[in-house]
Every structure is written in structure tokens, then in C-alpha cells.
Amino acid sequence: MNILEHSLSDWARQRFRAVLPEGDFDGVKLDVVPTADEQFGDYQCNAAMAVAKRVRLPPREVAQRLLADGALPDGVARAEIAGPGFINFHLDDAALARRLEAMQADPRIGVPTPGEGRTVILDYSSPNIAKPMHIGHIRSTVIGNALDRLHRYLGYRVIADNHLGDWGTQFGILILGYRRFLDADALAADPIAELERLYVKSYERSKEDEAWLNEARAELVKLQQGDAENLALWRRFVELSLGEFEKIYRRLDVRFDLHRGESFYNAQLPGVIERLRALGLAEESEGALVVKLDEENLPLCIVRKSDGGFNYTTTDLATVISRAEEFAPDAVIYVTDERQQLHFKQFFAVARRMGISTRLVHVWFGLMRLPEGTFSTRQGNVIKLERLLDEAEARALAIVKESSPGMDDAQQREVARAVGIGAVKYADLSQNPQSLVTFTWDKALALDGNSAPYLQYAHARIASVRDKYAEQFPGRDFRDAPIVLTEPVEKRLARRLVRFPGVVDRAAHAYKPNMLCEYLFDLAQIYSTFYQTVPFLKAEDDVRESRVRLCDLTARVLRQGLALLGIETPERI
RNA sequence: GCGCCCGUAGCUCAGUCGGACAGAGCAUCGGAUUUCUAAUCCGGCGGUCGCAGGUUCGAAUCCUGCCGGGCGCGCCA
């Protein structure tokens with residue numbers, strides 16, 4: 001199935017060219033988009049004003065030519081020119097109904113697969129070994145996962161890779177701490193908490209004790225040289241950490257295809273340097289090896305430290321080279337916080353100079369802060385992800401027990417889990433990824449208003465309607481009667497429903513899951529009004545079927561839309 | 001000092017990379033439940049879109065300057 005806005009836009013583009021064959025439309029947006037305000041119609045084209053300038057004609061004249069001879073796109077009942085030269089399209093209700101029926105018959109509810117044959121690598125979450133996941137990790141994880149699901153749904157082959165921070169200088173400090181301060185019981189009880197304690201204690205010591213720092217460095221060198229004992233310790237740290245991360249990922253229903261940490265590329269780092277040298281890109285400077293990026297207007301980029309060690313850029317280069325060779329992706333998408341913007345600009349610039357033509361995208365998001373400022377392990381004001389999820393489920397459970405006292409205990413817990421986790425994810429996904437985020441419990445755990453539970457509730461109500469329909473009208477199938485749009489709110493609902501495929505497409509390609517959230521909330525609001533004001537089970541034959549069909553389609557869009565955000569939709573709430 | 005990002009209603013945020021009188025949620029005030037799940041719906045209150053210029057038929061959106069905040073600027077990731 002095609003996307004409605006796309007076919008309308010295609011029509012407009014063709015019309016402009018046909019009507020003004022001499023026109024130069026380079027760089028002019030000829031698209032048709034949903035109207036900002038329903039009173040103007042359903043879709044609008046604003047291109048006449050821009051085109052008018054190019055062809056030196058009055059804007060309304062251009063618009064009139066476009067609509068000359070009553071030309072209209074398929075599915076449009078009428079078009080009119082308004083204001084300075086807006087072209088407003090009004091959909092034909094019968095054609096709209098047929099379109100909804102086609103969506104309903106389609107398992108994919110009208111969403112095409114433009115990503116067919118393309119591969120995308122998504123690099124997200126990427127926590128550091130031996131540290132707990134805290135609320136700062138949730139954005140990369142939840143946004144990255146939503147982009148993963150969106151791209152997969154659009155037909156892309158997605159390779160989700162958790163690029164763990166499992167290598168680097170911190171391991172010298174940790175190994176030393178482990179050797180001197182280990183509390184075996186604590187490690188057994190809560191591995192990451194103990195590893196973190198060991199790290200922090202050893203780190204503090206290294207700040208004031210030169211000898212300690214040197215010892216830590218020595219441990220690091222041993223590890224890097226392949227010392228059997230340190231390597232075994234390192235493996236243990238990785239295993240313990242992954243086990244803990246996996247618990248969180250299971251709760252969040254996040255799955256990776258690969259867990260290739262920085263260590264995976266360790267052996268390839270010298271090769272990267274050689275290649276940079278061979279290409280004449282790298283040069284010595286103050287003992288380090290650097291790539292100058294004057295042409296790109298960027299600060300120079302260090303690819304090998306003066307002590308001979310490698311850094312983040314080197315690892316990222318090795319990683320992208322390896323990925324390009326192994327998977328031949330069309331794009332690699334990195335989801336990290338805003339602080340890494342410069343790093344990625346530099347890294348992308350160097351990669352391009354090395355001849356890597358793969359599209360590289362940095363999707364950055366605003367750093368999570370606490371009302372009192374930033375948080376860090378050292379300040380000891382981190383809020384662990386596990387605690388956030390526990391709290392979310394607990395708050396949800398309290399509400400479930402209150403509003404659904406008849407439900408059995410196990411089901412209450414199950415609903416509370418889906419609602420609580422959904423609320424946390426939605427809180428993060430529903431705002432522009434790039435805006436600053438200040439964490440507050442009430443915001444992260446909002447259960448009313450524009451929130452996942454509101455959407456889940458709307459969905460559950462429809463599930464109940466479908467059940468009641470089956471109960472009261474056994475042997476009938478609501479799909480047997482055509483969709484007929486009569487009530488105003490019914491028409492509004494129909495017009496929202498057909499937008500779904502376009503929204504999924506846009507949200508994925510703009511890397512903005514919040515666009516999908518906004519749509520789903522809007523849809524659920526209109527549905528709620530529909531539900532409140534129009535009878536359906538009590539309506540007469542055929543009208544009832546038509547309305548139940550709309551309910552069913554709304555439920556499926558909500559369910560699929562939320563699934564693309566990684567949010568569950570229980571049948572009962 | 002240089003660079004990136006942000007400043008929209010009392011609070012939290014949208015605003016489809018210039019389009020038609022600026023939208024939600026929360027809070028607050030007032031209504032709706034013998035009827036399909038009230039975690040709902042309907043209505044009221046509330047904004048000189050940080051400030052000042054500029055470009056344009058048209059600016060919250062683009063440009064310049066200023067004010068305020070966040071982040072980053074070789075050898076941490």
C-alpha cells in the first residue's frame with residue numbers, strides 16, 4: 001500500500017511540471033502535507049507561493065492553473081485555494097472508507113517497506129562494564145531501541161550492536177582494587193555494586209597516591225599484553241556485568257544482535273594507524289599521532305596518544321571499518337548523548353578521508369540531569385535504572401489495585417509491569433530527543449495525561465468492545481459490512497487513522513520517535529471522544545459493524561504504534 | 001577565547017528542517033456516570049514564543065547582536 005501523503009505529493013509534483021513546463025523547481029518543496037488546522041481541509045500544498053516567485057506569476061494564478069479543468073488527485077473530493085495561495089484538499093469520505101478497509105485487510109495496516117534490501121547498523125545503549133546502569137542510560141537504550149523497531153518494521157535489515165565500554169584505562173584501577181579490597185560475599189550478592197565500590201575506592205586512592213596510580217597502570221599494561229591472570233579477571237568483570245545488564249534489558253524488552261565491545265576491535269587498532277599513515281592523513285604532534293581537520297573546520301583529532309596507547313577515535317575507526325567490511329551497511333546510526341557531538345564530527349571526517357562511504361549518522365540526545373545539576377558516580381547521586389523500574393511498577397500496581405480490584409493478583413502484577421515500564425519508556429520517547437531533560441520522579445512515572453497508560457487504556461477499552469461484540473453477536477463478523485463515515489467525530493477519527501503509515505515513515509527517517517508518540521496520543525484522544533459520544537454496540541445493524549471496524553482499526557494502530565516504541569498493550573487494564 | 005545546543009502558558013513539554021488566528025498535558029475552576037472499562041469525556045482560565053533589529057507576501061522557525069542556561073574544545077570515553 002502506498003502512503004497517502006506520498007501519492008498526493010507525487011500528484012502535485014507532476015501537476016506543477018505539466019502546468020508550468022518552463023518552470024525551474026530546483027530546491028522548491030512541492031509536497032502535500034496534513035493541514036495544520038482541520039478547518040482548512042485534510043491536506044494542503046503550500047508550494048504555489050514559492051513556485052510563483054520562480055515563474056513570476058501571482059501565487060493564486062499558479063494555484064488555479066494547478067487545479068485547472070477540475071484536476072484532482074485520487075481520493076480527493078474537492079480542492080480549493082485559500083489565502084495567499086494555499087491549496088487545500090478535502091478527502092472523499094467514500095474513498096477514505098475504502099482506504100481504511102484496505103488498511104484493515106493488510107496485516108501491516110498500510111505501512112510499506114521502503115527499507116527492503118537495505119542494512120542499518122544501530123549502535124546504542126553501550127554501558128560501561130563494572131558500573132551500574134543508571135537513569136542516564138535510559139535515553140540511549142529506549143530511543144535506540146525505538147529506532148531499531150521502527151527501521152525493522154519499515155523493512156530494513158537492522159543489526160543492533162551494543163558497543164560496550166569493556167576496555168580502557170579504568171580496568172587497571174579496577175583490577176588493583178579487586179586485588180586489595182574485594183569482599184567476596186558482597187560480590188556474590190550484588191556483583192556490579194561491589195565492582196563499582198572497588199573501582200571508586202581504588203580511583204580515590206589513585207588520586208592522592210602516586211605509587212597506587214603507577215601500580216594501576218602496571219596492571220593495565222599487563223592486561224593489554226595478555227597476562228593470563230588479568231585477562232581472566234577482566235573476563236569475569238565482563239561476564240558479571242553483562243549478566244546484570246541483561247536483567248535490565250529483559251525488563252525493557254531490549255535485544256541486541258551483537259555485543260561487540262571496544263575490546264573486540266583491539267587487535268585491529270594498529271592496522272588503523274598504519275592505514276592512516278599510508279594514506280598520509282596522520283602526522284606527529286607533541287608526541288601524539290593526529291589527523292588535522294582544517295578543511296572541515298574542526299579541531300585536530302588524536303588517533304594515538306603520546307604514550308603509544310589508542311583512544312576512542314581509534315576504536316571507532318576500527319569498528320566502522322570492520323562493520324563496513326562485514327555487513328556492507330547503508331547506514332550506521334550512533335545513539336549517544338550530546339557531549340559526543342564534536343567527537344563524532346571528527347570521527348566521521350576522518351572516516352570519510354579514509355574512504356569509508358557508508359552513511360554515518362549521529363543521533364544525539366540531551367543529557368539527563370537532576371534538578372540540582374548533573375549527576376555522576378563520584379558524586380554518588382546516581383539513580384539506578386533498576387530502582388526507577390521498580391518504582392514505576394510499584395506506582396502502577398497501587399493504581400491497578402485501586403481501579404481493578406476484581407482482577408486476580410497475578411494479572412494485576414502483569415498489568416502493573418506493562419504499565420509501569422511503558423510509562424517510563426514513553427516519558428523519554430515522547431519529547432524531542434534533543435531537548436534537555438531534567439529528571440523528576442513524577443515526570444518519569446507519569447500515569448495520566450500524555451502518557452503510555454492513557455494509550456494503553458484506550459487500547460484496552462477497545463479490546464473490551466471487540467469481546468463484547470463477539471459475545472453479543474455470535475456468528476457475525478464486523479468486517480462483513482462496509483465502513484460508512486457519518487458522524488463528524490467518526491470522520492475525524494478516520495482521517496487520523498490513514499495518517500499512520502506516513503507518521504511511521506517520518507518518525508523513522510527523522511530519528512524522532514516523539515513524532516509517533518504525538519500521533520498516537522492525538523489518535524487516542526479523538527478515539528476517546530468518539531467512544532464517549534457515539535454508540536456502537538447499540539447502534540443499528542451495519543452502522544454497528546462500521547463503527548466496530550473503526551474501533552478495531554484504532555486498536556491495531558495503537559497496538560502496532562506502541563509496539564514500535566517498545567511498549568506493550570495489555571488486553572485488560 | 002572558540003564551537004554546538006537550548007530559552008514557547010504558573011509547571012512539564014509539542015510545534016512535521018518559513019505557512020493561515022501559537023498547541024497539548026499537569027495544576028486550577030465548572031460540568032457529565034441507571035447506557036460499550038470515569039486510568040474517561042466536555043467547557044473555562046492562562047502566552048508581547050528570552051530581548052532588539054533584519055530578510056520575506058508570511059518568522060516560534062532563517063540571519064545579526066545582546067541577555068540567560070547547558071555542553072564541548074589534542075592525549076577520558
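Position 97 (the first sequence) corresponds to 97 in this note's numbering; numbering is contiguous. All residues carry an ideal CB built from backbone N, CA and C; glycine is no exception. Remember, it's a predicted structure, so these values are computed and weren't measured experimentally.
Item                                                                                                                             : Value
Cβ contact (3+ pairs, closer than 8 Å) linking the stretch 516 to 530 and the stretch 425 to 432                                 : yes
From Phe40, Leu293, Asn46 and Ala328, residue whose alpha carbon lies closest to that of Phe344                                  : Leu293
Which of helix, strand or coil DSSP assigns to Val503                                                                            : helix
For Gln44, the three-state DSSP class (helix, strand or coil)                                                                    : strand
DSSP three-state assignment for Leu182, whether helix, strand or coil                                                            : coil
Reduced DSSP secondary structure (H/G/I, E/B, other) of His163                                                                   : coil
Nearest-angstrom Cβ-Cβ length linking Ile302 and Glu386, presumed shorter than 8 Å                                               : So it is not a contact: roughly 36 Å between Cβ atoms.
Under the three-state DSSP convention, the category Thr438 falls into                                                            : strand
Pick from Asn311, Leu281 and Asp307 that is closest to Ser263, judged by C-alpha positions                                       : Asn311
Three-state secondary structure assigned by DSSP to Pro513                                                                       : helix
Start and end residues, alpha helix (DSSP H) containing Thr319                                                                   : Tyr312 to Phe327
Same chain only: Cβ atoms within 6 Å of Leu483, ignoring 5 sequence neighbours per side                                          : The residue you asked about is not Leu; residue 483 is Ile in the sequence shown. Excluding residues within five positions, the ones whose Cβ falls inside 6 Å are Ala97, Leu100, Glu101, Ser546 and Arg549.
Short Cβ contact (9 Å threshold) for Lys425 with Leu252                                                                          : yes
Inter-residue spacing [alpha-carbon to alpha-carbon] between Ala95 and Leu4                                                      : 12 Å
Three CB pairs or more closer than 8 Å across the stretch 382 to 397 and the stretch 434 to 447                                  : yes
Ile573 and Val400 closer than 9 Å at C-beta                                                                                      : yes
Contacts around Asp31, its chain only, beta-carbon distance under 6 Å, and the 5 residues preceding and following it disregarded : Ser9
For Val303, the residue or residues it bridges with in DSSP                                                                      : None; Val303 has no bridge partner.
Distance between Val350 and Arg359 (C-alpha atoms, nearest Å)                                                                    : 13 Å
DSSP three-state assignment for Asp330, whether helix, strand or coil                                                            : coil
7 Å Cβ shell around Gly155 - same chain, five flanking residues per side excluded                                                : Thr113, Pro114, Gly115 and Glu116
One or two residues paired with Arg359 in a DSSP bridge                                                                          : Ala331
Burial state of Pro58, where buried means 16 or more other Cβ atoms lie within 10 Å                                              : exposed
Best match in Asp148, Arg54 and Cys45 for proximity to Asn88 [C-alpha to C-alpha]                                                : Cys45
Beta-carbon proximity list for Ala555, same chain, < 6 Å, skipping 5 on both sides                                               : His459 and Ile462
Contiguous alpha helix (DSSP H) assignments of at least 4 residues, all confined to the stretch 449 to 478                       : 452 to 472
Sufficient close CB pairs (3 or more, under 8 Å) joining the stretch 168 to 186 to the stretch 211 to 229                        : yes
Three-way DSSP call (helix, strand, coil) for His259 in this model                                                               : coil
For Val614, the nearest candidate out of His509, Asp37 and Gly23 (CA to CA)                                                      : Only positions 1 to 573 of the chain appear in the structure, and residue 614 is not among them; the question remains open.
Residue interval of the alpha helix (DSSP H) (run including Pro59)                                                               : Pro59 to Leu66
Contact set for Val238: own chain, Cβ-Cβ below 6 Å, skip 5 residues either direction                                             : Ile129 and Asp166
Which listed residue (Val254, His151, Ala48 and Gly144) has its alpha carbon closest to that of Arg506                           : His151
Residues of its chain near Arg369, where Cβ-Cβ distance is below 8 Å and the 5 sequence neighbours each way are ignored          : Phe375, Leu436, Val437, Thr438 and Phe439
CB of Lys305 within 9 Å of CB of Ala288, strictly                                                                                : yes
Check: Tyr249 C-beta below 8 Å from any heavy atom of the ligand COA                                                             : In terms of ligand content, the structure shown is empty, and the ligand COA therefore cannot be addressed.
DSSP-derived helix/strand/coil call for Leu8                                                                                     : helix
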